[in-house]
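Input: a single structure, listed below in C-alpha cells.
Residue numbers (my numbering): 578 to 767.
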C-alpha cells in the first residue's frame, strides 16, 4: 500500500467533510465487505481519495451518482463491475464485489468465471448484455453498434447509458486501487 491509512482524528479541514460524507455513503450503500477498520480509517479506494480531497471529492461524487438509486438490476451492475475489476486485476475491487454479487444472488460458478476474466455460459440475458458491454469497453475502442443496440433493448436508453457510465467509473476505481496498490483487507487474505 503506497498511502498510509488516514486517522480520522488527524484529518485536515478539507478532508473532514469528505470523510464524513464517505463514511455515511459507505454505511448506507457499501455494506458487506471491509470498508472501515477498527480505528475508523477508510479502506479500499476511499483512503486514496481522502488523501487528495480536491480530486477524491469529485471522484466520490461520480461513484455516488452511479451507486445511489440505480436503474439497472443489482446483479447486472455486479457483473459489469466484476468484468471491469477482473480486466484491471484490481484485488480490492474483486474482493468487495464478489461479496456484493453473492448478496445479490449470483452463483459461485458465475463469479469464479467472471473473476477469471471469462464469460460464464449461464448468464441471464441481462447479465450477458452487461458482460458484453463491459468487456467491449474494457478492450478499448468504440462500443460496437450492435452491442449498444442490445443494451438499449435490455435496459432502455437510460439504462444503457448508466451501464456505460458504470463501467467507466469502476475503471477509474480500479485504476485508483492499482495505482496506490490498495490491498484486500488483512482478514480476507488467506
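By construction, the Cβ of each residue, glycine as well, lies at the ideal position given by its N, Cα and C atoms. In this text, all values refer to a predicted model and were calculated from it rather than measured experimentally.
Asked	Found
Taking residue 645 as the reference, which of 601, 612 and 614 has the closest Cα?	601
Quick check: what's the CA-CA separation for residue 589 versus residue 696?	45 Å
Rounded to the nearest angstrom, what separates residue 661 and residue 718 at their Cα positions?	15 Å
Are three or more beta carbon pairs between the segment 594-609 and the segment 662-669 nearer than 8 Å?	no
If you draw a straight line from the C-alpha of residue 738 to the C-alpha of residue 721, how long is it?	14 Å
Tell me, to the nearest whole angstrom, how far the beta carbon of residue 694 is from that of residue 664; I am working on the premise that it is less than 8 Å.	7 Å
Anyone know if the C-beta pair for residue 759 and residue 621 falls short of 8 Å?	yes
How do the segment 720-734 and the segment 702-711 stand: do at least 3 beta-carbon pairs fall below 8 Å, yes or no?	yes
Give me the Cα-Cα distance between residue 613 and residue 698, rounded to the nearest whole angstrom.	36 Å
Let me know the alpha helix (DSSP H) ranges lying completely inside the segment 629-715, each 4 residues or longer, listed in chain order.	630-644, 651-665, 668-680 and 685-692
Per DSSP, what kind of secondary structure is residue 583 in: helix, strand or coil?	coil
Rounding to the nearest angstrom, what Cα-Cα distance links residue 633 and residue 762 in this structure?	21 Å
Roughly how many whole angstroms lie between the Cα atoms of residue 610 and residue 750?	16 Å
Mind checking who residue 613 pairs with in its DSSP beta bridge?	619
Checking 8 Å against the spacing of the C-beta atoms, do residue 692 and residue 659 come in under that value?	yes
Alpha carbon to alpha carbon, what distance is there between residue 653 and residue 681?	10 Å
Should residue 592 go down as buried or exposed, given a rule of 16 or more other Cβ atoms within 10 Å for buried?	buried
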